[in-house]
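Peer 1: Quick one: structure below, then a few questions.
Residue numbers (our numbering): 1 to 82.
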């Protein structure tokens, strides 16, 4: 396993120690789990690169113009009475 050295200020170190203790983990385990969670919640770069690359989806008004007029609406009460 590879070691990584990071520099943290004293206040942040205390917060890490407290959070790790509350989670009943070592500081290494707590930091590793935090990094794993963060990396698991990101989209791969290939997906992020696609953002904005497709055309906007047409508005509902434009979609409806191709299908003619809707049938007249009937109230539920009227259908249930008949």
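Cβ atoms here follow ideal geometry from the backbone N, Cα and C, with glycine treated the same way. Nothing here was measured: the structure is a model prediction, and the numbers come from that model.
Which residue marks the beginning of the alpha helix (DSSP H) containing residue 49, and which one marks its end?
Peer 2: Residue numbering aside, residue 49 sits at position 49 when the chain shown is read from its first letter. Taken as a continuous stretch (DSSP letters only), the alpha helix (DSSP H) holding residue 49 covers 45–50.
Peer 1: When DSSP labels each residue in this structure, what does residue 23 get in the three-state scheme?
Peer 2: Counted from its first residue, the chain shown places residue 23 at position 23. DSSP places residue 23 in coil when its eight states are reduced to three.
Peer 1: Compute the Euclidean distance between the alpha carbons of residue 59 and residue 69, then round it to the nearest angstrom.
Peer 2: Along the chain shown, one-based indexing puts residue 59 at 59. Along the chain shown, one-based indexing puts residue 69 at 69. Cα-Cα distance, rounded: 16 Å.
Peer 1: Measuring only the C-alpha atoms, how far is residue 5 from residue 50?
Peer 2: By one-based count along the chain shown, residue 5 stands at place 5. By one-based count along the chain shown, residue 50 stands at place 50. If you take the alpha carbons of residue 5 and residue 50, they lie about 34 Å apart.
Peer 1: Output the distance between the C-alpha atoms of residue 35 and residue 3, rounded to the nearest integer angstrom.
Peer 2: Against the chain shown, residue 35 aligns to sequence position 35. Against the chain shown, residue 3 aligns to sequence position 3. When rounded, the distance between both Cα atoms is 14 Å.
Peer 1: Residue 30 and residue 40 look like a contact to me (Cβ under 8 Å); what is the Cβ gap, rounded to whole Å?
Peer 2: Your numbering for residue 30 matches position 30 in the chain shown. Your numbering for residue 40 matches position 40 in the chain shown. That belief does not hold up - the Cβ atoms of residue 30 and residue 40 are roughly 16 Å apart, past 8 Å.
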